[in-house]
Amino acid sequence: MSRGVILSIQGRQSYRGQEPDSIELVSEGELSYRDGGWDVCYQESELTGLAGVTTTFRVEPGKVTLTRTGSLHSQMVFEEGVSHESLYETDFGALMITVTATRVYYDIVPDGGTIDLVYEINIENTEAGIIDYHLDIRAKE
């Protein structure tokens with residue numbers, strides 16, 4: 057089962073020593089159910105600075121995995137209170153990042169739903185900041 061959806065995305069990044077940065081955007085995407093979990097997929101835009109990147113949220117019991125492919129490659133796993141390391145690969149090189157989720161909430165049904173993530177990020181073993189990500193998903197009319 058797969059259906060077109062409208063995604064309302066709100067992100068807030070608070071990096072050490074900098075003013076918090078917020079972004080809000082609306083994008084078309086796809087919601088599908090497979091193997092006991094939900095996939096929410098969309099194309100990034102110039103607004104996010106990630107044009108040419110496909111972003112997929114995989115929602116499974118107890119965790120959310122964020123995968124980006126295209127001009128960069130990364131996979132971040134979010135489980136409350138658990139740290140996960142991953143490689144963040146760009147055309148300019150790769151960085152080792154560690155994410156530790158302090159909030160992982162999702163409620164998804166065939167007509168849409170919500171994903172909320174709050175996580176701390178470390179880049180190359182250095183504390184970088186806190187990211188708060190909210191995604192509303194609704195079926196296209």
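Each residue of the sequence shown is one higher than the one before, starting from 57 at the first, in the working numbering.
Each residue gets a CB set at the ideal place from its N, CA and C atoms; glycine is no exception.
- With respect to the C-alpha of Asn-181, the residue from Val-109, Gln-69, Leu-151 having the closest C-alpha is Leu-151.
- Judged by DSSP secondary structure, Leu-128 falls within the beta strand (DSSP E) whose first and last residues are 128 to 134.
- For the set Ser-70, Glu-183, Gly-108, Leu-191, the Cα lying nearest the Cα of Ile-153 is the one of Glu-183.
- Boundaries cannot be given for Met-57, as no beta strand (DSSP E) includes it and DSSP labels it neither H nor E.
- In the three-state reduction of the DSSP assignment, Glu-75 falls in the coil class, being assigned neither a helical nor a strand state.
- Gln-99 and Gln-66 have their C-alpha atoms roughly 15 Å apart.
- Just so you know, the alpha carbons of Asp-163 and Gly-118 end up roughly 12 Å apart.
- Per DSSP, reduced to three states, the secondary structure at Leu-103 is helical.
- Under the 8 Å Cβ criterion, the segment 58 to 75 counts as touching the segment 86 to 97, having at least three qualifying pairs.
- A Cβ-Cβ distance of about 4 Å is found for the pair Val-109 and Gly-126, placing them in contact under the 8 Å criterion.
- Beyond the five residues adjoining it in sequence on each side, Asp-147 comes within less than 8 Å, by CB distance, of Ser-127, Leu-128 in the same chain, given in chain order.
- Within the DSSP bridge table, the entry for Asn-178 names Thr-154, Glu-183 as partners.
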